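Down below is the structure, laid out as structure tokens.
Number of protein chains: 2
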Amino acid sequence: MSQSEGVFVQVPGSAVDWRQAPAGAEDVEGCPWAGCKQLLRKVGLRPTRQRLLLGWILFSKGDRHVTAEMLFEEAVKAKLPVSLATVYNTLHQFTQVGLLREIGVAGPKAFFDTNPSAHHHFLIEGEEALLDIPENAEVVLESPPTPPEGYEIARVDVVVRLRRTAAPV
Amino acid sequence: MSQSEGVFVQVPGSAVDWRQAPAGAEDVEGCPWAGCKQLLRKVGLRPTRQRLLLGWILFSKGDRHVTAEMLFEEAVKAKLPVSLATVYNTLHQFTQVGLLREIGVAGPKAFFDTNPSAHHHFLIEGEEALLDIPENAEVVLESPPTPPEGYEIARVDVVVRLRRTAAPV
DNA sequence: TTAGATGCAAATGGTTTGCATGCGT
DNA sequence: ACGCATGCAAACCATTTGCATCTAA
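So the protein lines, in turn, are chains A and B.
So for the first sequence, my numbering puts the first residue at 1; every next one is plus one.
So for the second sequence, my numbering puts the first residue at 1001; every next one is plus one.
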């Protein structure tokens, strides 16, 4: 379990940092394919072509917040033969195994965050854009509220909605 | 701005507490219809039969979190001739004028909160149920994060996701 | 070879819209 | 009477599903 403390992606206990590819892994265009393959195996997903490339698109560019459609378009641009349905499937599968985190806040479309660790978001009102709230400005709950009987806190989501300042000068 | 510290509903500056009906208002089945009528006028909405009754359903039972469908069903039960489309319209109109607050967190369905003041929610995972986090257990952000240049904080939404405790004993 | 993954298209479910009719002012 | 509000149904959009085909193990 001793993974090198992440460069920018830190995954929670259960999940795996996909960059921990063995030293000799063959990288394709700067992407540790082998690591991805291995990662998928580790989480019990067969490393198929589309999962491999979708994983690459998702995780090779730092933290991102994508919708199914955004990912689909990128995959198409990347010449990957993939269907929208598969993108949805893959996103949910990745989420189930902890590689992604679903953010259910920005309107009708579901956003997926490539950083599955606990952190919060800015939401730009009007545009449907999400920004990570930087860790160093971390939001801390002063007094976690007591959950009702029989329930426990699974997770706390904080969304700071932003609007453009009235007079940008 | 000095409103009596709320019993349970506190409305923010811009909005109006619909219970501030004049003393002599004729109440219909315990509901200050006249107050509702007047409230609707105040916010620039014509007090039509459906808006009146929908408002009554929404606001006469304390704080609630409703979906369009829930409200529609109640309206039907209440023998109000109303269409689902009108329920949607009305919900959005009420939201625009600050009588309601939309909560965009519980899956694909939109929830509307009859308490438009700043407060946060428990979300029961699995069921699509929302609970207010009681004021006295208020969640406070320790260090409100600095928004990026050109933006200001419009609102902070906190959702505490709950799951059933593993062993309820 | 065989279970699992994918592609396509059709189905679904929530929400919105267009237009003719109704109702509040 | 005028104009916004409503009702209905069709349109829309994001997402899911069923099934035949394909592919990784």
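In this text, a Cβ means the ideal position worked out from N, Cα and C, and glycines have one as well.
All values reported here derive from a predicted model rather than from experimental measurement.
Under 7 angstroms from the C-beta of residue 1164 of chain B: neighbouring residues of chain A | The answer, in chain order, is 150, 151.
Could you spell out where the alpha helix (DSSP H) holding residue 1092 of chain B opens and where it closes?
-> 1084-1096
Listing by chain order, which chain A residues have their CB less than 8 angstroms from the CB of residue 967 of chain B?
-> In the structure as shown, chain B begins at 1001 and stops at 1169. Residue 967 of chain B is therefore absent and cannot be evaluated.
Could you name the residues of the same chain whose beta carbon sits closer than 6 angstroms to that of residue 55 of chain A, not counting the 5 residues immediately before and after it, in chain order?
-> 36
Using a Cβ cut-off of 7 angstroms, pull out every chain B residue sitting near residue 125 of chain A, in sequence order please.
-> 1154
Within 10 angstroms of its Cβ, does residue 1155 of chain B collect 16 or more other Cβ (buried), or is it exposed?
-> exposed
Whose C-alpha, out of B/1044, B/1038, B/1164, is nearest the C-alpha of residue 1097 of chain B?
-> B/1044
How is residue 1106 of chain B classed by DSSP in three states: helix, strand or coil?
-> coil
Is the shortest distance between the beta-carbon of residue 103 of chain A and the beta-carbons of chain B less than 7 angstroms?
-> no
Can you have a look at residue 1029 of chain B and say buried or exposed, based on whether 16 or more other CB atoms are within 10 angstroms of its CB?
-> Model confidence at residue 1029 of chain B stands at a pLDDT of 42, short of 50, so the residue's coordinates are unreliable and nothing is read from them.
Looking at C-beta atoms only, is the number of pairs between the segment 1104-1116 of chain B and the segment 1048-1065 of chain B that lie closer than 8 angstroms three or more?
-> yes
Buried or exposed: residue 166 of chain A, going by 16 or more other Cβ atoms within 10 Å of its Cβ?
-> exposed
In its own chain, which residues sit with a C-beta less than 7 angstroms from the C-beta of residue 1162 of chain B, not counting the 5 before and 5 after it?
-> 1122, 1123, 1124, 1125
For residue 166 of chain A, does the three-state DSSP call read helix, strand or coil?
-> Coil.
Run the CB neighbour count on residue 1051 of chain B, radius 10 Å, all protein chains shown included, and call it buried at 16 or more, exposed below.
-> buried
Report yes if the C-beta distance between residue 1107 of chain B and residue 105 of chain A is below 7 angstroms; otherwise report no.
-> Not in contact: residue 1107 of chain B and residue 105 of chain A (Cβ atoms no closer than 7 angstroms).
Please compile the residues from chain B whose C-beta is within a distance smaller than 7 angstroms of the C-beta of residue 107 of chain A.
-> Residues of chain B whose Cβ lies closer than 7 angstroms to the Cβ of residue 107 of chain A are, in chain order, 1104.
Counting only the same chain and skipping the five closest in sequence on each side, list residues whose C-beta sits under 7 angstroms from that of residue 94 of chain A.
-> Result list for residue 94 of chain A: 100, in chain order.
In chain A, what lies closer than 8 angstroms to residue 1147 of chain B by C-beta?
-> 122, 160, 162
Straight-line CA distance for residue 38 of chain A to residue 130 of chain A?
-> The straight-line gap from Cα to Cα measures roughly 30 angstroms.
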